[in-house]
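Here the structure is laid out as C-alpha cells; the discussion comes afterwards.
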Amino acid sequence: PLQKPPSPRQPKAPTFRHQPPRCASGGSTSSSPPTTALYIGDLPWWTTDAEVEAALAPHGALDGLYFYADKCSGRSRGSCRADFLHPAAAASAAAALHGRVFDGHHCVAS
C-alpha cells in the first residue's frame, strides 16, 4: 500500500515574553527614588566644563562632570552628565538649567 509522505514541519512562531513595565505606578515617576545624576544636552560642542560647572555651582556640590565625546573626532557631542552629592541639588539644577541658553542653544536638563 501507498504511504502518505510525511508532512513538512511548520516552523513555530517565536514566543516573546513581555517585560513588565519599569514603573509599576502606571508611568508616573513620582514614586521613583530621587537621583543625584543630571543629564544636560543640546549644548554647543565647544562648551567647556568650566562653563557648565559655573552654571551648576549655585545648586550644590558636584561629585563629577562627564562630557560625552564623539568616538571618531573626540569632539564633545554637546551633552554631559553631572553627578551631585545630594538629590535636591540635582533637582534644583535641572529646574534652573532646562531651557537655559548656552551660546544660542537652548539646553535640555533632566
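In the numbering used here, the protein residues as written are 137 to 246. Ideal Cβ positions, reconstructed from N, Cα and C, are used throughout, including at glycine. Note that the coordinates shown come from a computational prediction; the quantities given were computed from them, not determined experimentally.
Residue i in three-state terms, based on DSSP
{"i": "S228", "result": "helix"}
{"i": "L179", "result": "coil"}
Per DSSP, cross-strand counterpart(s) of residue i
{"i": "L198", "result": "F220"}
{"i": "A193", "result": "In DSSP, A193 forms no bridge with anything."}
{"i": "S212", "result": "A205"}
{"i": "L174", "result": "A218"}
{"i": "H234", "result": "DSSP lists no partner for H234."}
Residue nearest to residue i in terms of C-alpha spacing, selected from the options
{"i": "T171", "options": "A224, G240, Y202 and A205", "result": "A224"}
{"i": "S212", "options": "D219, Y204 and L192", "result": "Y204"}
{"i": "H241", "options": "P194, W181 and A218", "result": "W181"}
{"i": "A231", "options": "E189, I176 and P169", "result": "I176"}
{"i": "V188", "options": "A226, S209, G210 and C216", "result": "C216"}
{"i": "L192", "options": "T183, S246 and A226", "result": "A226"}
{"i": "P194", "options": "T183, S246 and L233", "result": "L233"}
Buried versus exposed call for residue i [16 or more other C-beta atoms within 10 Å across all chains shown]
{"i": "G196", "result": "buried"}
{"i": "L221", "result": "exposed"}
{"i": "A190", "result": "exposed"}
Straight-line Cα distance separating residue j from residue i
{"i": "D239", "j": "D199", "result": "25 Å"}
{"i": "D264", "j": "L201", "result": "Since the displayed the chain opens at 137 and closes at 246, residue 264 lies outside it and no answer follows."}
{"i": "D219", "j": "K207", "result": "22 Å"}
{"i": "V237", "j": "P169", "result": "29 Å"}
{"i": "A173", "j": "G210", "result": "23 Å"}
{"i": "G235", "j": "S228", "result": "14 Å"}
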